[in-house]
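Protein chains: 2
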Amino acid sequence: MKNIYLIGVGLIGGSLALDIKNLDASTTIYGIDKNNVHLDIALEKGIIDHKAEIQDLNNADMVIVAIPVDVTVKKLPKLLNLVSDDALIIDVGSTKEDICEAVKNHPKRRNFLAMHPIAGTEFSGPNAAITRLYKGKTIIICEVEETAFKLQEKALKLFSDIGMRIRYMKPKAHDKHIAYMSHLSHISSFMLGKTVIEKEKNERDIFDMAGSGFESTVRLAKSSPEMWTPIFEQNKTNVIETLEEYIQNLEQFKELMKNDDFEAIFKEMKNTNHIKEILKGIQ
Amino acid sequence: MKNIYLIGVGLIGGSLALDIKNLDASTTIYGIDKNNVHLDIALEKGIIDHKAEIQDLNNADMVIVAIPVDVTVKKLPKLLNLVSDDALIIDVGSTKEDICEAVKNHPKRRNFLAMHPIAGTEFSGPNAAITRLYKGKTIIICEVEETAFKLQEKALKLFSDIGMRIRYMKPKAHDKHIAYMSHLSHISSFMLGKTVIEKEKNERDIFDMAGSGFESTVRLAKSSPEMWTPIFEQNKTNVIETLEEYIQNLEQFKELMKNDDFEAIFKEMKNTNHIKEILKGIQ
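Just so you know, the sequences run in chain order V and S. With the numbering used here as the guide, the letters of the first sequence map in order to residues 50 to 332. With the numbering used here as the guide, the letters of the second sequence map in order to residues 50 to 332.
Shown next as structure tokens:
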């Protein structure tokens with residue numbers, strides 16, 4: 050793939066571009082972004098080789114769509130209209146159901162591959178892009194059978210060369226499980242940050258007491274609201290369900306404390322310690 | 050201080066002993082622990098030089114009490130009875146009010162300094178002990194004026210030599226603020242782990258979807274229930290208050306989602322992003 054167009058030169062798209070360039074220096078990467086400052090940074094950092102415009106897409110062998118998921122839903126059908134019959138379009142969004150639905154009956158559906166690389170940091174923009182972000186990470190591919198064989202093959206080879214572990218899921222299952230494995234963590238972290246800031250806003254010294262425990266738990270509260278608001282909107286039903294279960298577990302923990310049932314509190318924590326083995330299994 | 054007795058040779062006490070030994074190799078560290086396997090590991094790792102018994106404490110220049118906070122409350126008065134008039138006893142517990150209360154009227158109250166180093170990892174036991182855990186970290190000292198001048202001086206010099214930033218607080222204020230800055234993070238993390246495990250227990254493959262976001266947010270759910278149950282018990286009132294505020298914030302976030310008020314969701318996250326600057330300030 051000689052000519053790759055990257056739409057959205059931020060953390061996720063930018064890091065992918067860096068890895069692709071590292072694999073094959075002869076690839077030319079064109080950047081498209083509504084933020085011209087980001088494009089300049091991407092040029093400077095070597096994430097992209099040239100700036101480009103949407104109307105240039107007929108020249109693309111591959112298009113990477115790495116923009117907020119609401120914009121992806123809106124723009125993806127138009128992008129498919131613009132590319133050649135041999136081009137591959139992939140997206141990297143954290144939701145998959147609405148995005149797949151948006152192009153379900155598109156005459157060029159076979160030119161699109163829906164995917165979600167499970168990787169990232171709490172930072173955003175081209176300055177946050179890093180090489181090897183995806184090394185050893187999982188990539189979820191949805192509705193692989195809807196994509197043309199040759200394009201599937203190209204994409205899978207690329208992800209595997211980058212070092213990703215490929216998994217297949219239906220969009221509905223992806224959105225349901227990712228609500229637990231990612232979206233809930235973000236809300237839990239944002240609300241932890243909010244609770245502490247509200248309480249401690251008049252006592253800035255207190256943040257001296259923020260040990261590494263608080264820091265890691267609140268890390269995701271640094272994430273971009275521009276990116277996360279449309280994710281929560283698209284995955285509303287699943288996210289509300291996870292939130293209800295989370296709140297119920299917190300309520301129950303609180304009740305156990307109120308009733309001085311610290312034997313049960315101990316058991317709750319002991320059972321959850323099991324997360325150690327689970328996380329070890331995925332590393 | 051030639052002879053130091055370490056009661057509890059785990060992560061917190063063990064790491065402190067390693068730093069003390071690094072500062073002055075002529076110090077002899079004696080280890081006391083109800084777990085003989087831990088004592089053997091501590092010997093092997095060079096955390097302690099010799100095993101010892103409680104009745105040897107009359108030989109101590111300093112005693113470090115690094116055991117669960119409920120045991121500290123019970124044992125501290127007896128330990129004070131055992132040490133010489135020139136000895137210093139310090140504790141490292143995550144709660145301070147009950148511990149200070151327990152020795153309030155003790156004839157040897159001046160031999161005790163209440164402290165809480167804000168440092169640690171999610172691991173426990175002597176194998177988790179590491180050097181330089183405390184470098185650049187905050188140590189909270191409570192009721193410093195209740196400790197004999199000479200012993201204050203010795204302790205402060207030691208903490209400062211280890212590289213800690215010393216802060217003074219009243220026990221009541223310590224317990225109130227640490228509930229927000231540390232205890233709530235642990236519960237938030239434990240309940241996140243519980244919610245996800247409950248949901249996903251029959252689909253182990255799903256944990257492949259656990260990206261770095263979930264991992265860092267759930268990290269504290271690996272913490273020791275033996276250590277944390279008595280902390281929550283001693284700080285019950287403050288912890289319940291923080292939990293109520295946290296649950297209320299989660300409920301409100303859920304209601305905004307239910308009402309499709311994603312403009313408000315965006316603002317919630319934008320306001321909390323501010324945590325970036327706060328945390329940067331403390332690093």
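Backbone N, C-alpha and C define an ideal beta-carbon position, used for all residues, glycine too.
### Query
Is it a yes or a no for the segment 228-240 of chain V touching the segment 214-231 of chain S, going by three-plus beta-carbon pairs under 8 Å?
Result no; under three Cβ-Cβ pairs closer than 8 Å.
### Query
V/Y217: buried (16+ other C-beta within 10 angstroms of its C-beta) or exposed?
Around the Cβ of V/Y217, a 10 Å sphere holds fewer than 16 other Cβ atoms; the residue is exposed.
### Task
State the CB to CB distance for the pair V/L60 and V/F172, rounded to an integer number of angstroms; the pair is presumed to be in contact (CB under 8 Å).
Confirmed, about 6 Å.
### Element boundaries [alpha helix (DSSP H), containing V/D140]
Counting along the chain, V/D140 falls outside any alpha helix (DSSP H), though it belongs to the beta strand (DSSP E) covering 137-140.
### Message
Counting only C-beta atoms, is V/P175 closer than 7 Å to chain S at any point?
### Response
Judged by the 7 Å Cβ criterion, V/P175 is not in contact with chain S.
### Query
Got a sec: which bits of the segment 216-242 of chain S sit with their beta carbon under 7 Å from any beta carbon on chain V, in order along the chain?
Result list: R216, H226, I227, Y229, M230, S231, L233, S234, H235, I236, S237, S238, F239, M240, L241, G242.
### Query
Since S/L299 and V/Y295 are thought to touch, with beta carbons under 8 Å apart, how far apart are those beta carbons, to the nearest angstrom?
About 7 Å separates the CB atoms of S/L299 and V/Y295; that is less than 8 Å, so the two are in contact.
### Query
For S/F172, which of helix, strand or coil comes out of DSSP?
DSSP places S/F172 outside both helix and strand once states are collapsed to three, so it counts as coil.
#### Entry: Residue interval of the beta strand (DSSP E) (run including S/N52)
Note, S/N52: beta strand (DSSP E), 52-56.
### Host beta strand (DSSP E) of S/F256 (start-end)
It is not in any beta strand (DSSP E) - S/F256 carries neither H nor E in the DSSP assignment.
#### Entry: Range covered by the beta strand (DSSP E) that runs through S/V288
In the DSSP annotation of this structure, S/V288 is not part of any beta strand (DSSP E); the continuous alpha helix (DSSP H) holding it starts and ends at 285-307.
#### Entry: Interface partners of S/Y295 on chain V, CB under 8 Å
Ordered by position in chain V, the residues that pass the 8 Å Cβ test against S/Y295 are M240, L241, T244, L299.
### Task
Could you tell me which of S/L65, S/E194, S/F256 sits nearest to S/I188, measuring between CA atoms?
When each option's Cα is compared against that of S/I188, the closest is S/L65.
### Close-in-space but distant-in-sequence residues of the same chain around V/A168 (CB under 6 Å, 5 per side omitted)
A distance below 6 Å between beta-carbons, with the five flanking residues on each side excluded, links V/A168 to the following residues of its chain, in chain order: L182, Y183, K186.
### Message
Does any residue of chain V have a CB that is nearer than 7 Å to the CB of S/I314?
### Response
For S/I314, the nearest beta carbon of chain V is closer than 7 Å to its own beta carbon.
### Query
CB V/I280 to CB V/T170, shorter than 7 Å?
With respect to V/T170, V/I280 sits apart: the two C-beta atoms are not nearer than 7 Å.
### Message
At a CB distance below 9 Å, what residues from the segment 148-161 of chain S approach chain V? Give them in sequence order.
### Response
So the list is empty, because no residue satisfies the distance condition.
### Task
Tell me whether the beta-carbon of V/A115 lies closer than 7 Å to the beta-carbon of V/V141.
Yes; because the gap between Cβ atoms is below 7 Å, this pair is in contact.
### Query
If you draw a straight line from the alpha carbon of V/T77 to that of V/E150, how long is it in whole angstroms?
Distance between the alpha carbons of V/T77 and V/E150: 31 Å.
### Message
Against chain S, does V/K329 count as a neighbour if the rule is that its beta carbon must be under 7 Å from one of theirs?
### Response
No - not a single Cβ of chain S is within 7 Å of the one on V/K329.
### Query
So does the segment 313-322 of chain S actually touch the segment 318-332 of chain V, counting three or more Cβ pairs closer than 8 Å?
By the Cβ test, the segment 313-322 of chain S is not in contact with the segment 318-332 of chain V, since fewer than three Cβ pairs between them sit closer than 8 Å.
### Touch test, the segment 147-167 of chain V against the segment 188-208 of chain V, Cβ-Cβ under 8 Å, three pairs minimum
Result yes; three or more Cβ-Cβ pairs closer than 8 Å.
### Euclidean distance between Cα positions of S/G212 and S/V58
Roughly 21 Å separates the two Cα atoms.
### Message
Is it buried or exposed, V/Q283, if we count other Cβ atoms within 10 angstroms and call 16 or more buried?
### Response
Counting Cβ neighbours within 10 Å, V/Q283 comes out buried, since at least 16 surround it.
### Task
Label S/D68 either buried or exposed according to how many other C-beta atoms from any shown protein chain fall within 10 Å of its C-beta, with 16 as the threshold for buried.
Counting Cβ neighbours within 10 Å, S/D68 comes out buried, since at least 16 surround it.
### Query
What residues of chain S sit near V/F281, judged by a beta carbon separation below 8 Å?
Residues of chain S with a Cβ closer than 8 Å to the Cβ of V/F281 are, in chain order, M306, F311, I314.
### Query
Which of the three DSSP states, helix, strand or coil, is assigned to S/R216?
Three-state result, S/R216: strand.
### Message
Considering only the alpha carbon of each residue, which of V/D134, V/T244, V/K157, V/A178 lies closest to V/E93?
### Response
Ranking V/D134, V/T244, V/K157, V/A178 by Cα distance to V/E93 puts V/A178 first.
### Task
To the nearest angstrom, report how far apart V/F302 and V/K285 are at their CA atoms.
Cα-Cα distance, rounded: 26 Å.
### Message
Using the three-state DSSP reduction, which class does V/H165 fall into: helix, strand or coil?
### Response
Strand.
### Message
On a Cα-Cα basis, can you pick out the residue from S/G95, S/S273, S/H87 that is closest to S/K70?
### Response
It is S/G95 whose Cα lies nearest to the Cα of S/K70.
### Task
For V/L340, collect the residues of the same chain with a Cβ closer than 8 Å to its Cβ; drop the 5 residues on either side in sequence, then sort them by chain order.
With chain V covering only 50 through 332, there is no way to say anything about residue 340 of chain V.
### Message
I need the DSSP call for V/G63, collapsed to helix, strand or coil.
### Response
V/G63 falls in the helix class under three-state DSSP.
#### Entry: Run of the beta strand (DSSP E) containing S/I190, from where it starts to where it stops
Segment 187-191, the beta strand (DSSP E) holding S/I190.
### Message
Please list, in chain order, the chain V residues whose beta carbon lies closer than 8 Å to that of S/V267.
### Response
Listed along chain V are S234, I324, L328, each with a C-beta nearer than 8 Å to that of S/V267.
#### Entry: Spatially closest choice to V/A228 from S/H226, S/G260, S/A197, by CA coordinates
Measuring C-alpha to C-alpha distances from V/A228 to each of S/H226, S/G260, S/A197 identifies S/G260 as the nearest.
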